[in-house]
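Okay, so here's the structure we're looking at.
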């Protein structure tokens, strides 16, 4: 077995090994790997590796690591954060230490950067999963033996609509909904900075930098001020967003909803559920026939709108002790 530092030349092999394992549940496209790994400024190149079976010169596994950049400090994100975005080894090559070898290399690179807290997935703007996907007990146990602890579970929810289905734009007290435009960029940035500093602020700014026009946001306005937002995605969005990653599984267009937030000053008016209904209204009008609400623990809440659990993710973290010496030794 040979380990190589990951680079763009490995893209085809990475997609191949991924789909050999997960094409029926999480079908991977080259566009998604390119967008979420090689084009992500948080990608840690020297912490990402591929395992190559030398006899056939074929990739049989890989790990993707990401790390905090200094620029993230302006969003209030802590500098001790690191992520294992993906770790996959093909079924026939498991049980011989390849997974441990890949994970150890990624963790060592993160440790050398001063990372103290490693999450499985959930890597800001360009994550593939918000946690360990569809976790089997054997997989959870494998990570637990390596120091990872499960913190919570979150879910992707799904609802399907027929061609005659329609959801009217809800009426809300003293406020109105509309789709954002390019002219809203500065006002939205000010709103996010004030009400939702951190990950959502960062994601919003990256959206505009990477070609966003505003059509992916429902705005809630009251007295001319933005008091809420909801992200909505479809096949025409400039970026492949997490709630439409797996659209190849559907014969009809898939739409996605989330994240969403309401200024805490205006909570208690049912604005939250209403802005979801507004996003559904706009997505159905654009032709979506299936809609995913991603990364939420609130299954019962969204069940009121007909949504049911579709995907499950376990959020795992590991704390690194920087005071001791490394325990990883490459083969």
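Residue numbers (UniProt numbering): 1 to 331.
Cβ atoms here follow ideal geometry from the backbone N, Cα and C, with glycine treated the same way.
| Check | Outcome |
| --- | --- |
| Cα-Cα separation between residue 70 and residue 197, rounded to whole angstroms | 16 angstroms |
| 8 angstroms contact criterion, which residue 279 and residue 230 should meet: CB distance rounded | 5 angstroms |
| Span of the beta strand (DSSP E), counted from its first residue to its last, around residue 217 | 217 to 222 |
| Minimum length 4: unbroken alpha helix (DSSP H) runs contained in the region 177 to 226 | 185 to 195, 199 to 209 |
| Residue range of the beta strand (DSSP E) that includes residue 3 | 2 to 5 |
| For residue 232: DSSP bridge partner residues | 257 |
| Closer than 9 angstroms to chain C by CB, residue 277 | This model lacks chain C altogether; it includes just one protein chain. |
| Alpha carbon of residue 83 to alpha carbon of residue 128, nearest angstrom | 11 angstroms |
| Bridge-paired residues (DSSP) for residue 301 | The partner list for residue 301 (beta bridge, DSSP) is empty, contrary to what the question assumes. |
| Local conformation of residue 323 per DSSP, three classes | coil |
| Opposing strand residues paired with residue 355 [DSSP bridges] | For the chain, the structure presents residues 1 to 331; residue 355 sits outside this window and is missing. |
| Cβ separation of residue 192 and residue 98, assumed to be a contact under 8 angstroms, to the nearest whole Å | The Cβ separation is near 41 angstroms, so there is no contact. |
| Residue burial classification, residue 12 (beta-carbon count within 10 angstroms, cutoff 16) | exposed |
| Residue ranges of each beta strand (DSSP E) within the region 102 to 135, 3 or longer | 117 to 120 |
| Status (buried if at least 16 other CB within 10 Å, exposed otherwise) for residue 162 | exposed |
| Whole runs of the alpha helix (DSSP H) within the region 4 to 30, excluding any shorter than 4 residues | 11 to 22 |
| Touch test, the region 261 to 276 against the region 237 to 251, Cβ-Cβ under 8 angstroms, three pairs minimum | no |
| Where the alpha helix (DSSP H) containing residue 292 begins and where it ends | Note, residue 292: premise wrong, no alpha helix (DSSP H); beta strand (DSSP E) at 290 to 296. |
| Integer Cβ distance of residue 93 from residue 60, believed to fall under 8 angstroms | 4 angstroms |
| Cβ pair residue 32, residue 167 closer than 9 angstroms | no |
| Residue from 228, 114, 267 whose Cα sits closest to the Cα of residue 323 | 114 |
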